[in-house]
Structures are given as structure tokens and as C-alpha cells.
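Numbering (the numbering used here), first residue to last: 5 to 620.
Backbone N, C-alpha and C define an ideal beta-carbon position, used for all residues, glycine too.
Have a look at the structure below, then the notes.
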Ligand code: F6R
């Protein structure tokens, strides 16, 4: 939430900052701002709306500088106005800063600073931090060998409660930046005679692959040549420079209209990447390099608790079905935001697994820290290499799905579901699953990218169905067993990008309330697979039809329907049960996407949302 990009170095900052901001726009997009600095005054531009508005203003006023900081905002404190956009500047004009996070004690800080004569012109919590730094700077005596700028930021932060990723400029220190982090990510990219700093390394894709991830409670000072990290408490920190893959082409939209569309069509590749190198030599089980636990220790686990938020929570539900079925280990699924405050009693042999595409979701991070604090072993399934969650856990599995930029998660979800299936296979094989069952499972998994491709090839038919249903304002998504998480995911996808009210339920639950919604104005989408419960799903469809509800069905090839029962039918191939949720999810994603496009919605940047929720 909120994107920060900063630069200091041998070039002019403008093009890099605006390009970086554009790439971070998925983190928040209600307003944006930039400050450049050479030697005289800060040159600041702030605009409500998208980064494009800001860029137009920056170009029109010919703003630039050899150093700069910039920000794309997802409002927490204060309306969406230019005054509340970042950078925020101290009332003495000496400091300007960009901030991602929430300063919880900002009213106390503000009251104190007002008594000291500092003034405020925004409703933001961030302005209190700019003034607090100015206050400490004014108090700090000049001393040889001491960087007063660095010291004042550090000292100010000692009084701050809350979360922050910040980058600060000081008018007395041209060519120098100070950044700090507590709970909101900040990554420094090392260039040749230049440094980049951002909330996400995608901002400097194609420019730097050598990065330093700041840890909570650390402050960094850098100019174009050197950097120095300390803790807020003034202890020296030895920086760890890491090499990451940070390719510009991964962010290229190509011929697609939206990142969501691109990412839906990237799924065969993303799934292939999740499996690459992860099967045993005898092709009867999965293998993972990063679990950091021996099979004999895993055999001691007698319960798994999955925690996540949003779509990733739906992936946890898929994992529950798979692991209970194939590994026979009891699984519980919790919203991370609930778990972190619930003080749930857990059995001592419980393994905690968090799932997070971004690896930065604050509730998921807090849940994992709580589990760790209580002594549980915690794994993560995450897409973002080097993310905070990836660095906090004892072990885990990277998705390798490539950057997901569309705010609505698509390829990340299916790859999480696939990794859940592979985990079920792995855990099953170190328990009761036979060699031949394992081998069949692996063979099936290997066909998945091709099967997904086959479903994607039906996009024209799905588009035609989307056009028929685009103007409805309510939808029900219904599915049984392993299709229930897909019903939830379908409802979430539709509502978040097209603003249609949608609810997901286990199909049989419909009769316990949601059936009251059914009328010709509320279509139902059923997810049906063959097998022993198909007849039950058929009965539920009949119940909807009897109440004049339109019915769309996503069904496996072997499901047969009486004539006239179904208004629109989308087929997915029959396959191994563990793959069914993944295959059924593809049409659900496409349908939501096409409906949103048909309604003229801003698919990649739905209203009120942002990817990577780093505030509570
Ligand atoms: C919905 C969506 C969100 C995320 C949720 C968790 O399409 O993308 O619900 O799934 O915010 O995000 P991560 O996986 O980054 O922890």
C-alpha cells in the first residue's frame, strides 16, 4: 500500500522516478507526488488521481533534479487531496519525505509540535513525522564528523509508534537521502554511481539486481557512492547485498489490454514454473528445496494451520481439501487478521503455513510472527522472492509465478493451489500414499499447463457469456467440496473488479438463506465436477431453475445435464481431482475479467483497492 521511489546519483531523477512510480501504481493510486532537489529549494509536484496526472504536471513545469523522492498514495489519514498527497514537508521547509504506513501516535506528536510552533497544512499522519524530524534537527548540535540529517531522522523515529517505510530529503544535505523501515518494505538498489530506493524492487527493474532489504528498525543513509545502515537505537548494521532477478520484460504488457488479462493467460507458464525441478527422480512425489525440515520431522506434524488474507485465504481452503484428502493430516484455515489477535490454542505438533503472493501483507506477517513467537514452525508459500514474509519464515516454497501486477490475483492463486497440491502429494508420500498413487498424481500434475491452455482457448465463448451477464447486479457462486473455495474466489473476483454484488457458498448451503436472493435478476454460477456428489449439485441447480434463476455452469466434460437445465455451460477437462479447482478457476477469472471490461471498469486498478495490503 502506497509506493515509494527515490533516486540519488549521476543522472537526472525525473524519468526514473516517474517510470518507477508507474510500476508501483498497483500499490495505491488515489494521488501521487514527487520532490526534486539540486541545491536550492525542493521542487515539488502533487496531484490527485493517477501517476499520469503527476507526470503531465512535472513535464509541464519542467521539474527535475539529480535527486528525488516520489510516492503513489492509498489514503489512510486524510481525504484524497493535493494537500494530503506526499511528499509532506516540515513547516520550516527543511525536510520533505514520502511515507508508506501509519503513524499511530501522530495526534500526540502533532499536539506537541504545535506547542513548539510547528504548523500543519494537511490531514496526514506523515506531516507530523516531517515536523518531528525538523524538531530533532533543530535540537541537534553541530558536531564534526556527525551527519545531523541522519541523526535527526533516527532520533525522531525513536518517538514514533506505527508502521513506516520512509525516504527523506534535507535541504542542508544536497545529494543525500535517508530511508527507514518499520513494518513497510523498503529496498535499496545499488547502481553504478547511483542508488535507487523503493517499496518494491520492480521500481528499478532493468536497472539494478543488487539490492539491500532494510529490516524493521533500520535506518539507511546514502549518497550517490556509499551507504551506511544503523538501527534506530544507533547500533551499526552490516548490510547484506543480495542478487535478485529483476527483469524489465516481466513488466511489459505486450499485446494485452490489462495486466489481469496478461496474467490470466500467463498461467500455463506460471504453473510450469511452480513445478520445475520439483519432482523426485522416480516421479512419484514432489520435492522442495526450501522447507528446511527433514521428512522424519514432518512426520511428527499432526495438524497444519493455514493463514492468509483474501484470495490467498481461498488458496488455503484448496490446501485444506487436498492435504486432508491425500495426506490425511487435519488442516485448519484461519484469516490471518483473526488469528493474530485470537490467541488460538494450538497443539504442539502443529505446523503453521502462511500463503501470500506479495509476501508483505501485514496481517499475514503478524500472524506468522505470532506463531513463531509461540514456538511453532512456520512455512510460507509466497511469490515475492526476498519479501518480508519469505525472510521471516523457517522454510517455504516460492511460487516463481513472475510479478503479479493486476490488483486482482489470478496466476498467483492458481500457482498457490498447485503448490498446495504438491505439498499434499509430498506429505501423503511420507505417510500413507502408495508409489503408484503418487506416480499417477505426478503424471496428472505434469499435464496441468496443457489442460489450462485448453481452457484458455475457450476465451471467445466465455467472452460471449460475459456479455450476456454483464448488466446483472447480483450473482451467486456455488460449489461443493473442492469447488467451494473456487465459488468464494469467483465471487471475490467478480465483486472486486466489476463492483457487482456476489456471494460464494457451498452449493447445499444455498437452502439455508441465500436461496432468498434467487430471482430472474440474480444469476447463479455453479461449479460442478462428476463423481458421487454430482447428483446433489444437479438437485441444487434444479432448485435455482424452479425459482426462475439463470444458471451458468462450469462443469467437467463427464457431467451430463438434462436439457434446458443450464442456461450457459462452460466445459473443463476431466482430470485428477487435485487439479479440478485450478482448471475450474480459469473460466471464473475470465468471466469476471470480461464482465468488468464490458462494464467499463478499470480492471487493473479497481476502486478503493491496492495490491499488497501493508496497513491493518
Ligand atoms: C484479491 C486479492 C487479495 C489478496 C490479499 C492477500 O484478488 O488479490 O485478496 O489475495 O490481499 O495478498 P497477498 O497474497 O499478497 O498476501
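Just the C-alpha distance for residue i and residue j, rounded to the nearest angstrom, thanks.
i, j, result
"residue 324", "residue 273", "25 Å"
"residue 342", "residue 312", "10 Å"
"residue 65", "residue 196", "29 Å"
"residue 75", "residue 381", "37 Å"
"residue 526", "residue 103", "43 Å"
"residue 244", "residue 305", "34 Å"
"residue 411", "residue 392", "19 Å"
"residue 367", "residue 259", "36 Å"
"residue 364", "residue 172", "22 Å"
"residue 383", "residue 71", "40 Å"
"residue 20", "residue 293", "36 Å"
"residue 322", "residue 249", "29 Å"
"residue 538", "residue 508", "18 Å"
"residue 564", "residue 475", "29 Å"
"residue 295", "residue 398", "7 Å"
"residue 49", "residue 125", "15 Å"
"residue 23", "residue 9", "9 Å"
"residue 122", "residue 130", "14 Å"
"residue 198", "residue 390", "22 Å"
"residue 40", "residue 205", "21 Å"
"residue 219", "residue 30", "23 Å"
"residue 502", "residue 558", "20 Å"
"residue 469", "residue 79", "36 Å"
"residue 409", "residue 608", "8 Å"
"residue 603", "residue 472", "12 Å"
"residue 513", "residue 505", "18 Å"
"residue 73", "residue 7", "11 Å"
"residue 270", "residue 106", "35 Å"
"residue 37", "residue 441", "57 Å"
"residue 567", "residue 445", "34 Å"
"residue 515", "residue 485", "16 Å"
"residue 535", "residue 316", "27 Å"
"residue 35", "residue 551", "46 Å"
"residue 449", "residue 233", "46 Å"
Hey, would you say residue i sits closer than 8 Å to residue j, going by beta carbons?
i, j, result
"residue 11", "residue 200", "yes"
"residue 192", "residue 222", "no"
"residue 257", "residue 209", "no"
"residue 542", "residue 487", "no"
"residue 644", "residue 133", "In the structure as shown, the chain begins at 5 and stops at 620. Residue 644 is therefore absent and cannot be evaluated."
"residue 405", "residue 416", "yes"
"residue 577", "residue 455", "yes"
"residue 330", "residue 437", "yes"
"residue 327", "residue 308", "yes"
"residue 51", "residue 57", "yes"
"residue 451", "residue 589", "no"
"residue 275", "residue 407", "no"
"residue 482", "residue 528", "yes"
"residue 139", "residue 120", "yes"
"residue 414", "residue 5", "no"
"residue 592", "residue 570", "no"
"residue 3", "residue 117", "No statement about residue 3 is possible, as the shown extent of the chain runs from 5 to 620 and does not include it."
"residue 428", "residue 586", "no"
"residue 369", "residue 500", "no"
"residue 340", "residue 356", "no"
"residue 433", "residue 303", "no"
Under the rule that 16 or more other beta-carbon atoms within 10 Å means buried, what is residue i, buried or exposed?
i, result
"residue 237", "exposed"
"residue 225", "buried"
"residue 387", "buried"
"residue 489", "buried"
"residue 84", "exposed"
"residue 184", "buried"
"residue 349", "exposed"
"residue 168", "buried"
"residue 145", "exposed"
"residue 180", "buried"
"residue 447", "exposed"
"residue 430", "buried"
"residue 97", "exposed"
"residue 610", "buried"
"residue 228", "buried"
Under a CB-based cut-off of 8 Å, is residue i close to chain C?
i, result
"residue 184", "Given the protein chain composition of this structure (a single chain), no chain C is represented."
Open item on the list: Quick check on the DSSP output: what are the complete beta strand (DSSP E) runs of length 3 or more inside the stretch 348-402, in order along the chain?
Closed with: 354-360, 381-386, 399-402
Task: In chain order, each alpha helix (DSSP H) run of at least 4 residues that lies wholly inside the stretch 229-301 - done: 263-269, 271-279
- [ ] Just list the alpha helix (DSSP H) runs in the stretch 434-513, keeping only unbroken ones of 4 residues or longer that don't cross its boundaries, in chain order.
- [x] Runs of the alpha helix (DSSP H) inside the stretch 434-513: 439-460, 463-473, 488-502.
TODO: Entirely within the stretch 19-52 and at least 3 residues each: give me those beta strand (DSSP E) ranges in chain order.
DONE: Those beta strand (DSSP E) runs which fall completely within the stretch 19-52 and span 3+ residues are 35-40, 47-52.
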